[in-house]
Structures are given as structure tokens and as C-alpha cells.
Amino acid sequence: MSDETPAIRAHYAKLALKRLRAYPEGKGSGIRERVGSERLAAIRDAASLDWVPAATVVALCDAILEVLGEEAARGFWTDLMRDSYDHGILKPLTMLAGFGLGKSAMSGLVKTAPRAWLLSSQACGTLEVIDDAAGLKLRSHDMAPEILHSRGFLCVFYGACRAMLDVLKSRARLEIYAHEVDGQPQLGFSFSSTRKTPPGRREPGGADAVARGQGRQGEFAHTRVRARGCASLPRRRRFVIASRPQEAAC
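For our numbering, count along the sequence shown from 1 and bump the result up by 1.
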């Protein structure tokens, strides 16, 4: 990990605050209250390409999750990222993916993710693409702890991946899972073709299922869950993924 302070460009945090103005029932104000005036000012005063401490952006993401709930938070970030792919800052990536030589648009777009993450983050870790017979995957390395342990930021990752599929009208299945690098917990994202559920059989979990933490403070044995028919964390290794047991990542 670099000695630099983990930071993220202000662009998406500023977009999120702008979108929250339209939220009814005081939800936008509830989120802003949780973030706090000092952090809000840091985001608002920054130019889109300025660096904002990762902890400040994570505070916003966690507040969105706390107020909107898991499913709505995923939807919030999916919509925001989809707009960016359609006609915003990420549109060039969709255009490049569409003209990939000998590669599917989905593979081409996923392969832009590591570079996009490096351009939008500082000292927050890296992403790598694995494209082999087992399928297409993104895996994190040296992810900053404040990001790795945040359920709110996991919703951002989910939204970015889900938006890729939506923009390309792909029916691929998105799974979020745990993996380890040199004994350290990291996140993985896999994209695979959808499989039909046999008649009369129900998928495990459900739209509102969430992972439940087990074990000591900060350690979790993740059970399989399903979110909007896609994201899941299978039970694999025990690792730190949230600051409190009841906040095991989805």
C-alpha cells in the first residue's frame, strides 16, 4: 500500500449529493445530517477531479445505505453509474468497449475497470481482470480498509458492475464474493451467463436477504445471499468485511 492517504476524486460524490436533492420524505436531509457539515463542505467545495479523503466518500456511501436501505442504495448507485455510461464521464468507455477487436462488448467494458479505478482513486488498491475458461472476473488487491469494510461502498461497486450489464443489455449474472491475497481479505466480482432455475425450485435467499455475521467481532462467515437476482457472497473464508457484525456485506 502506498504511503499516500487513500483518496477518491470528488466527481461521483458530488453527483450523489445533487441527486439526493430530489429525494422525498426528508431522506436527502437525513443523509446529509449523517455525513456532517465538514465532510459535506469538503465534497461541495472540491472540483470534480479534486481528491477527497476516502473516509469522507465512505461516510456519504454509508449514510446513503443507512437511510435508503440495502436494495434502494444499490439502485441509487446503479442509476447514477448507468447515466454516466449513457451520457456522462464514462460514455467513452462504452464506445471503446463496443469497438473492441475480437472481444465481446461485456469483456471489453469490464477490462476498462482497473484503469478507471486507478484514475478515480489514490492509494485505495487496485483491480485486476481475470478472463479464462472459468469466466470473467474482477478482483481487488490491497483495497484500502475503509473501503473494504464499508457496506455502503460495496453498493457503489455493485452499482458500477450492474450498470455495465444494463448499458450493454447483458443478461449476465453478477456475483460478489470473498477471496484472499497473501492471507488478506479482498473482494471479487464475477460475470457469468445466466442459468434458468428449474421449474418448482426456488433460488436461495430472496430479494431482501442479507448476509448475517457470525463469530468474533469483525469476523464473518458469509452465507449465500441474493440481491436483485444477481449479487451473492457464498460462504467461503472468514474475513473482515464490516465494522460491526450486523453489517456483514451483501
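By construction, the Cβ of each residue, glycine as well, lies at the ideal position given by its N, Cα and C atoms.
Since this is a predicted model, take the numbers as computed values, not measurements.
DSSP, reduced to helix, strand and coil, places S151 outside both helices and strands of the structure shown, so it counts as coil. Listed in chain order, the non-local C-beta contacts of S122 below 6 Å within the same chain comprise I9, local neighbours out to five positions each way being set aside. Counting C-beta atoms within 10 angstroms of its own C-beta, G27 has fewer than 16 neighbours from the protein chains shown and is therefore classed as exposed. The C-alpha of M144 lies about 12 Å from the C-alpha of L119. Within its own chain, the residues whose Cβ lies closer than 7 Å to the Cβ of L16, once the five positions on either side in sequence are excluded, are L81, listed in chain order. The alpha-carbon of E39 is positioned some 12 Å away from that of V53. The C-beta distance from A106 to L169 rounds to 5 Å, short enough to fall under 8 Å.
Taking a contact to require three or more Cβ pairs closer than 8 Å, the segment 42-51 and the segment 130-147 do not qualify as touching.
The C-beta distance from F192 to F158 rounds to 13 Å, too long to meet the 8 Å contact threshold.
Out of G136, A74 and P146, the CA that lies nearest to the CA of A173 is found in G136. T57: member of the alpha helix (DSSP H) spanning A55 to L69, first to last residue. Around C62, the same chain offers S151, G153, F154, C156 and V157 as residues with beta carbons nearer than 7 Å, after the five sequence neighbours per side are excluded.
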